[in-house]
Amino acid sequence: MALVPMITFVLVLVATYAVFFKLAAFLFRRTQLGWGHGFALAVLMLFVLYGTQGAMKLVAMQLPVPQIIAPIVSVLVAIAFGGWYLGSQARKADGQRVGWTAGVVITLIGFGLLICVGVVLILAVRLFSGS
């Protein structure tokens with residue numbers, strides 16, 4: 000029975016990523032990103048974020064690397080990957096591809112939106128829980 004909550008969590012996470020990356024594309028010069036590409040990016044980002052963080056933790060076990068390096072490298076790889084993917088899939092209003100640099104900016108906007116909403120949710124929970 001523990002499988003259903005885990006699958007639900009992953010589906011909600013993927014849907015949230017897709018919505019925020021689509022919103023980030025819209026906020027960046029009204030760039031167009033299809034829902035299919037938004038969900039594909041969300042699934043790929045999930046694999047990239049968790050995969051690189053896990054790989055970096057394995058590297059840190061073998062080499063004297065600080066533990067803080069794993070999440071930093073994971074986010075940097077995700078930003079580069081998002082720039083590559085969005086650069087070829089997101090379109091300007093005239094139908095042209097946005098390019099790698101704009102893809103990185105859209106990815107950064109998406110992560111910024113995720114962080115802002117996460118902080119607001121954490122503060123709201125703390126405020127309304129009374130602690």
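So that you can map any letter, position 113 of the sequence shown is 112 in numbering that gives the first Met the number 0, and since no number is skipped, the others follow by simple counting. Yeah, the Cβ is synthetic: ideal placement off N, Cα and C, and Gly gets one too.
Cβ distance (whole Å) where residue 46 is taken to contact residue 13 below 8 Å: If you number the sequence shown from 1, residue 46 lands on position 47. If you number the sequence shown from 1, residue 13 lands on position 14. The pair is not a contact, with the Cβ atoms about 11 Å apart (cut-off 8 Å).
Beta-carbon proximity check, residue 78 vs residue 27, cutoff 8 Å: Reading the sequence shown from its first residue, position 79 is the one you call residue 78. Reading the sequence shown from its first residue, position 28 is the one you call residue 27. No, the pair does not count as a contact, with Cβ atoms beyond the cut-off.
The stretch 47–56 in contact with the stretch 69–78 per 3-pair CB rule at 8 Å: Yes: at least three Cβ pairs fall under 8 Å.
8 Å Cβ cutoff met for residue 84 and residue 40: Counting from 1 along the sequence shown, the entry for residue 84 is found at position 85. Counting from 1 along the sequence shown, the entry for residue 40 is found at position 41. Yes, Cβ-Cβ distance for residue 84 and residue 40 is below 8 Å.
Local conformation of residue 61 per DSSP, three classes: In the sequence shown, the residue the question calls residue 61 occupies position 62. Residue 61 falls in the helix class under three-state DSSP.
Per-residue DSSP class, three states only, for residue 88: One-based indexing of the sequence shown puts residue 88 at position 89. In the structure shown, the three-state DSSP call for residue 88 is helix.
Residue(s) in a DSSP beta bridge with residue 31: Against the sequence shown, residue 31 aligns to sequence position 32. 90.
Top-ranked residue by Cα proximity to residue 106, from 87, 121 and 119: Counted from its first residue, the sequence shown places residue 106 at position 107. The residue with the shortest Cα to Cα distance from residue 106 is 87.
Neighbour-count burial assignment, residue 58, 16 or more Cβ in a 10 Å radius: By 1-based counting over the sequence shown, the position of residue 58 is 59. Under this definition residue 58 is an exposed residue.
Where residue 128 falls, given that 16 or more other Cβ within 10 Å makes a residue buried: As a working mapping, residue 128 is identified with position 129 in the sequence shown. Exposed is the call here.
C-alpha distance - residue 24 paired with residue 8, whole-angstrom precision: Here residue 24 is taken as the residue at index 25 of the sequence shown, counted from 1. Here residue 8 is taken as the residue at index 9 of the sequence shown, counted from 1. Computed Cα separation, rounded: 24 Å.
Counted within 10 angstroms of its Cβ, other Cβ atoms place residue 1 as buried (16 or more) or exposed: Residue numbering aside, residue 1 sits at position 2 when the sequence shown is read from its first letter. With fewer than 16 other Cβ atoms inside 10 Å of its own Cβ, residue 1 counts as exposed.
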